[in-house]
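*Asks:* Numbering (mature numbering (1 follows the signal peptide of the UniProt record, and there is no 0)), first residue to last: -18 to -1, 1 to 1051.
1. With a threshold of 7 Å on Cβ separation, who are the neighbours of residue 762 within its own chain once the five nearest residues in sequence on each side are excluded?
2. Based on Cα-Cα distance, which residue from 275, 211 and 307 lies nearest to residue 225?
3. Beta-carbon within less than 7 Å of residue 562's beta-carbon, same chain only, minus the 5 sequence neighbours each way: which residues are those?
4. Ignoring anything shorter than 3 residues or poking outside the region 823 to 875, list the beta strand (DSSP E) runs there in chain order.
5. So what's residue 93 in DSSP terms, helix, strand or just coil?
6. Give the list of continuous beta strand (DSSP E) stretches no shorter than 3 residues that lie fully inside the region 152 to 189.
7. Evaluate residue 476 with the Cβ neighbour count: other Cβ atoms within 10 Å of its Cβ, from every protein chain shown; 16 or more gives buried, anything less gives exposed.
8. Quick check on the DSSP output: the beta strand (DSSP E) that includes residue 8 runs from which residue to which?
9. Give the straight-line distance between the Cα atoms of residue 31 and residue 71, rounded to the nearest whole angstrom.
10. Kindly identify the DSSP beta-bridge partner or partners of residue 416.
11. Does DSSP put residue 917 in a helix, in a strand, or in coil?
12. Return the residue from the list 820, 993, 871 and 908 that minimises the CA-CA distance to residue 848.
13. Under the three-state reduction of DSSP, which class applies to residue 1059: helix, strand or coil?
14. Taking 8 Å as the CB-CB limit, is residue 231 close to chain D?
15. As a quick exercise: from 1038, 582, 55 and 261, pick the residue whose alpha carbon is nearest that of residue 99.
16. On the DSSP bridge assignment, give the partners of residue 570 in chain order.
17. To the nearest angstrom, how far is it from the Cα of residue 208 to the Cα of residue 161?
18. If contacts are defined as beta-carbon pairs under 8 Å, then residue 1008 and residue 880 qualify, I think. What distance do you get, rounded to the angstrom?
19. Which residue from 841, 832 and 59 puts its Cα closest to that of residue 20?
20. Which of helix, strand or coil does DSSP assign to residue 784?
21. How long is the line joining the alpha carbons of residue 90 and residue 809, rounded to whole angstroms?
22. When you compare the region 998 to 1015 with the region 299 to 306, are there three or more beta-carbon pairs, one atom per stretch, that lie closer than 8 Å?
23. Please report the straight-line C-alpha distance between residue 741 and residue 796, rounded to a whole angstrom.
24. So the candidates are 896, 145, 426 and 462; which of them puts its Cα closest to the Cα of residue 433?
25. Apart from the five residues just before and just after residue 538, which ones in its own chain have a Cβ nearer than 8 Å to its Cβ?
26. If you run the structure through DSSP and keep just helix, strand and coil, what is residue 340?
27. Buried or exposed: residue 624, going by 16 or more other Cβ atoms within 10 Å of its Cβ?
28. CB-CB under 7 Å to residue 318, same chain, minus the five flanking residues each way: which ones, in chain order?
29. Helix, strand or coil for residue 887, going by three-state DSSP, please let me know.
30. Just to confirm before moving on: does the CB-CB distance between residue 372 and residue 402 stay below 8 Å?
31. Could you name the residues of the same chain whose beta carbon sits closer than 6 Å to that of residue 443, not counting the 5 residues immediately before and after it, in chain order?
32. Give me whichever residues DSSP pairs with residue 500 in a beta bridge.
33. Short check: CB of residue 429 to CB of residue 390, under 8 Å?
34. For a quick check, are the C-beta atoms of residue 969 and residue 1025 less than 8 Å apart?
35. Quick one: what's got a C-beta closer than 6 Å to residue 892's C-beta in the same chain, skipping five residues either side?
36. Quick one: is residue 258 buried, meaning 16 or more other Cβ sit within 10 Å of its Cβ, or exposed?
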C-alpha cells in the first residue's frame, strides 16, 4: 500500500517529460522509512526525495554505489544506525552486488525472497540485532562470495539449501543462536576458504567431509555443543591451516587407541582443542613428526599421564596444556635452549611434581607452571623469559636466585613457601611491571630497591611477615598503579615524600590494611589524587581525617575501619564513592550528607559520638537526649523508669504465683498422656508458634521494627517466637498492624506452609513510583500491588522476600532491596532490562520491578514457586517439608540445577552470584528445581555485592578465591564451587553452614567430606536415610560418582571444571 501511495506522489510531481523514479530509488526510500535514529545523518541528510535522479541511480546519495542506471552497492557500515529494516525491498534491486550494513543497531529478519537478488556477491549484516531463522531461499544466491551474519540473534538450524552457495568463499555465522546439527550440505561448498560457526548452539557430531574442501584454510567451530568423537582422517587429510574446535563436548577420536594426537596434515599450523572432554594420555611411543605445527592448545581437558618431551614438533611456538591431570616431572627438553623454539609454555593447573633446576631456553618468553605441586628451590634462569608464573606451588628457600632474572616483566611467586628477606641486592629489573610475592613467609623490612624499578606498575607483598616502616618514596613511584601491603606487621607512620619535585603519583589502589601503622595520616595524602581504592583498616592510626581527602576525585572504595580516628568525617569526600567503612573508630559530629547513602554498618559499631541523621528510631549509636535539659525532667524520667520496672516485677511475681497455684491443682489429676504430649511438644520446637490462633495474640510489626536485614544476616536467619519481624516500609507496600505470622525454628529461609499466616499489605497511600514489566505475562497497576496481601518468605543480607496475592489470585514473589543496596536508577533499569531474555524451565523468571521515590522503595517481581526451597526439604531438622528426599529425587534436583546454571553461564553469559540451597526452589509435585536470586549483583552496588559474598561465606558457599580477593566479584568458577557445596548437602543431608566434629576439632562440611574421603571412608558421608537405597548397586555407584563430581567442583579455581562439564557428567550418572 505504501509503495502505491509513493508511486502516486511521483506520478503527480514527476517532470513534464513523464519520467518516474526508478524501481531502485523507490526501494531505497522504502528502506529509509525504517531508520529510527541516524546520529551522523549520513543517510537522512542525503537520501532525499528532492535529490532524486530521474535518469537512474541516485549517485549523490551517501552509501550508494552505481553501475550505470542501476544500484550496484549499498554500504552503510559503522554508522550507529538504529533501524527496523525490511530487507525484502532489496529484492527489487536486480543488479545489486554488495549489501553491507555491518556494525549498527538494526533489527529485522532475512526475508524468504532474499534469493531474488541474483547478482549479489557480498552480504554483510554482522554486529546488529537481526533475528529469526536463516531462510531456505539463501541457497539461491549462486553468485554470493561472502556471507557474514556474525554477532546477531539468528536462531534455528542451517537449512540444507546452503549447498546452493556454490561460489561462497567466506561464511561467518558466529556469535548467534543457531542450533541443531550441521547439515552435510555444508561440506559440499567446494569454494570455501573461511568457515566460522563459533559461539552458537550447534550440537551432535561434526560431520565428515570438511577435509575434502581443498581450499578450506580456516575452520572455526569453537563454543558450541558438539559431542562424541572426531574423525581422525580429518586431521590427516585436511588442507586447513587454522582449526579451532575448543569449547565443545568432544571426548574422543574415532580411531583413537593408545594415544590422543592423531597424524595430522603438514598444512595445519594452529590446532585448538581446549575446553573439551578429551581423556587418556597424550601421545604414543611411536609418533610422527609435526614439522609445521606452530600452536597446540589442549588445555582444560581431562588428559592424564606423564608429559612427552615434544621432540616431534620442531617448529612448535606455543604449547598450552593447562588444567588437565598430567603428572610426573616437567620435561627438561621444554625448558632447554637447544631443542625447541617455544615462545609460550603453559602447564598450569595439573599435578606435576618434582623440582626445576634450570631454564635455559633462549626463545621462551612466557612460562606458566602455576597451580601444580612443584617443589625445591626456585630455578636458575639464563634465558630471556619475560613472563614467569610459578604461583601456587611448594617452592621453598629464598629469593637469591632471582638475581639473574633481569629480563622479567611479569613475576608471580605467590602462594608458595618462600622465606627470608626480600634482598636489597635484587637486580635492576628495568622491565619489571608486575611483582607478586604474596602468601609466602618473607620477613624483614621493605628494601629500598623496590622504589628504583622504572616500570613497576603492580606490587603485591601481602600476607607475609614483613616488618619495619613503610618506604615513603614507594607511594610516589611514578609508574606504580597498585600497591598491596596488607596483612603484614609493618609499623610506623603512613608518610609521603617531603620533596615537591616528584611527579604526580599514578597510584590507583593502596591497601595497607591489617598492619601496625600508627600516628596520623599526612595532611598531603590528598596528593594521591588518582586513588580509586584506599584501605587502611585494622591499624592503630589516630588523629583527625585530613581535609585533603576531598581531593580523591576518583575514589570508589574507602575503608578506615578498626583504627582510632577522631574528629569529624570530611564534608567533601568524592561522590564517586561506592564503598565506605569507618566503623570501629572514635569519630564524632554528623555524617556528611553525601555519605548517608551507605548503610549504618559503614559507621557503627564504634563512633559513639557520631550522628547519622534519618536513622531508624532507637538504633542510633549517638548519645540520646540533650545534656543541657533541665534536671527536673531527668529526675522525672528516672522515677518513671523505676516505677515501670517495679510494676513489671510485681506483675511477674503475681503471674508466677497464679501459675504455681494452677499447676499445683492440676498435678494431682494430670493424666500420663498429657505429660507425654507436653514432653513431645518440648522436643518439637516447631509446634510452638508465635501469635497462633490459640494465643489470642499477634506478632506486632511497628515502625521501629522496620529496619530489616542487618549486615551479615543470612538468608536462613530465624525469627524466634518472641522477636518482632523486620519488614520494610515501602510506599504502598507495608504490613497491617494486626497481621499474624508464625515461624518454625530451623525452617530455612521460608515460613512453613502449614503455619504461614497472612501479613495483609495495606497502605493509606497509593504507590507513587514506577512499575516496570519485563514481559507481558502479568498486568497490574501500582495500586493493585499496594493492596495485595503479602506473606513474608524470608530475608537475606540484601533484603526481604514476600509472597503477594494479586486480585486475580495469582501469586508473585516480591523482593524488597534494602536501602543503599540498589544501583542508581539509570544503571539499575539498564541491567534489569537484560533479565527479560532470561527464560528457562530451571530458572525462576523475573517479571518486573518497582522504583519508588525513596531509597528503600525498590522491589523486584518474580514468579512464585511452591512448595519451597531445597533447604526446607533436605535438612533433617524440625519443620522439614515432607518425607526425606529419595536418591532419585536428589539426583534429578542436582541435574536440574546444573542445567539452569549451564543456561546462565553459556546462553546468557552471566554468573549466578548467589547460589545456595535456599535459592534452589522446588516447583510442583515433581519437585522440578529452579534457581532463583540470580544476577542480583548486577542490580546492586559494590558494597551490596560484597555483603552478599560475605553472607555466602558465613553460610559455607563462598569460593576460597573470593575470600582471598581484594575486590571479590561473582564468577563462573565461584558458581561451580557453590554448586559443589550444594551437591555435598544433597549427598549428606547436612547444611553447608554446620560445624561438624572431625579432625580433632570442628570443621565445615567441605573439609569434613574431604577428610572422610582421604581416609577411605567416603561412604560414611552419605545421608543415613539413603543407606537402604545404597543396597542397590546402581544407586551406590551413582552416589559415589556424584561425590566425585562434587569434590571436583570444590577444587582450587585453576583445577575447577566448568559447569558445562559438570552438567554433562551429572546427566550421565
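All C-beta atoms in this analysis are idealised placements derived from N, C-alpha and C, irrespective of residue type, glycine included.
*Replies:* Taking the geometry as given:
1. 788
2. 275
3. 540, 577, 580 and 584
4. 828 to 833, 840 to 845 and 849 to 851
5. coil
6. 152 to 154, 159 to 162, 176 to 178 and 183 to 186
7. buried
8. Run containing residue 8: none in the beta strand (DSSP E); it sits in the alpha helix (DSSP H), 5 to 14.
9. 17 Å
10. 392 and 440
11. coil
12. 908
13. Nothing about residue 1059 can be read from this structure; the chain reaches only from -18 to 1051.
14. Annotation note: the requested chain D is absent from the structure, which comprises a single protein chain.
15. 55
16. 591
17. 11 Å
18. Actually they do not touch by this definition, with Cβ atoms about 20 Å apart.
19. 59
20. strand
21. So the two alpha carbons sit approximately 27 Å from each other.
22. no
23. Note on residue 741: pLDDT 34, under 50, position unreliable in the model; the coordinate value appears next. Taking the straight line joining both Cα atoms gives about 13 Å.
24. 462
25. 514, 515, 558, 559, 560, 561 and 924
26. strand
27. Its Cβ having fewer than 16 others within 10 Å, residue 624 is exposed.
28. For residue 318, where only same-chain residues beyond five positions count, the Cβ hits under 7 Å are 342 and 343.
29. helix
30. no
31. Excluding positions up to five away in sequence, the list reads 419 and 467.
32. For residue 500, which the question treats as bridged, DSSP gives the partners 522.
33. no
34. yes
35. Excluding sequence neighbours, residue 892 sits near 886 and 917.
36. buried
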